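Top to bottom, those sequences are chains A and B.
For the first sequence, the working numbering gives the first residue as 1, with consecutive numbering after it.
For the second sequence, the working numbering gives the first residue as 1001, with consecutive numbering after it.
Notes to accompany the following structure.
Protein chains: 2
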Amino acid sequence: MSFIDQLKWTSEGLIPAIVQDHRTGRVLMMAWMNRASLEKTVETRRTWFWSRSRGKFWMKGESSGHVQVVHDIAFDCDGDTLLIQVEQTGAACHEGYRSCFFRSIEGSGETVRVSEAQLETPEAIYGRK
Amino acid sequence: MSFIDQLKWTSEGLIPAIVQDHRTGRVLMMAWMNRASLEKTVETRRTWFWSRSRGKFWMKGESSGHVQVVHDIAFDCDGDTLLIQVEQTGAACHEGYRSCFFRSIEGSGETVRVSEAQLETPEAIYGRK
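Shown next as structure tokens:
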């Protein structure tokens, strides 16, 4: 039996996947997988997701070139969340930051600061294809 | 305007919150917050969540003593996921592991290995109150 049979999926058949840089520990992004995208992730060692907004199956990096090579796949005690360790090429964020979590709050949240440098502009990432 | 007004919530008024150890980078758990639990997290610098299964507002550590002191709150580019850096007392997982993600798959997922030592048994954690 595959571990996939032990997982709990939402009513839409999805599970959230946290993606972490396997070397630095930086959390890069969170996205949703369905069963087919998880199976493809396990098989190809690249990350595949299900886009809820676009209703589309996609491989991370397919348009940006910023692929994620999978090093480890873990799941939590409730079997309803995945944690995937990857080697990230370039920026994980479509806004050109290494991590999608590049904004942190100050104090009670009236102010927000950018916590890391932008590696590339979105135009440079998506304009080059 | 607070950053909270920039966030996107599910149709149930929730947002997923990834919790990470601020020193080691270990991802400890993922749980859901509603607006009130996030406001209380910002105000008290302890993590508060909304339990979907129990329909209940809860502070992490309220029954186990394993509280999380908040060091940083970040949100992603889409404004639909939080990343919270904490100082974790004891085990984050109710099964007694430091992280809820204590199981990783081997190969194509027929085998699962436990990736970290259990710090305490659940009986030791929840029997002591």
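Every residue gets a Cβ at the ideal spot worked out from N, C-alpha and C, and that includes glycine.
None of these values were measured; they are calculated from a predicted model.
Check                                                                                                                                                                                        : Outcome
Please list, in chain order, all residues of the same chain as C77 (chain A) whose beta carbon is under 8 Å from its beta carbon, the five residues on each side excluded.                   : none
Using a 10 Å radius around the Cβ and a threshold of 16 neighbouring Cβ atoms, would you call M33 (chain A) buried or exposed?                                                               : buried
Listing by chain order, which chain A residues have their CB less than 7 Å from the CB of R1045 (chain B)?                                                                                   : Those within 7 Å of R1045 (chain B) in chain A number zero; the least Cβ separation is about 10 Å.
Is any beta-carbon of chain B found at less than 7 Å from that of F81 (chain A)?                                                                                                             : For the record, residue 81 (chain A) in the displayed sequence is Thr; it is not Phe. At least one chain B Cβ lies under 7 Å of T81 (chain A).
What are the boundary residues of the alpha helix (DSSP H) that A1124 (chain B) is part of?                                                                                                  : 1122-1126
I want to see whether chain B comes within less than 7 Å of I15 (chain A), judged by CB atoms only; does it?                                                                                 : no
If you measure from the beta carbon of G1096 (chain B) to each beta carbon in chain A, is any gap under 7 Å?                                                                                 : no
Less than 7 Å separating the beta-carbons of L1028 (chain B) and V1042 (chain B)?                                                                                                            : no
Using 7 Å as the limit for Cβ to Cβ distance, is E106 (chain A) near chain C?                                                                                                                : This model lacks chain C altogether, as its protein chains are A and B.
Beta-carbon within less than 8 Å of V86 (chain A)'s beta-carbon, same chain only, minus the 5 sequence neighbours each way: which residues are those?                                        : V19, Q20, D21, H22, L28, T47, Q68, V69, V70, H71
Tell me which same chain residues have a C-beta within less than 7 Å of the C-beta of G79 (chain A), skipping the five on either side of it?                                                 : Q6, L7, K8
Kindly list the residues whose CB is nearer than 6 Å to the CB of P1073 (chain B), restricted to its own chain and excluding five residues on each side of it in sequence; keep chain order. : In the sequence as displayed, the identity of residue 1073 (chain B) is Ile instead of Pro. Excluding positions up to five away in sequence, the list reads I1084.
Counting C-beta neighbours from all protein chains within 10 Å, is the total for I125 (chain A) 16 or more, i.e. buried, or is it exposed?                                                   : buried
So L38 (chain A) is in the alpha helix (DSSP H); what residue range does that whole segment cover?                                                                                           : 35-44
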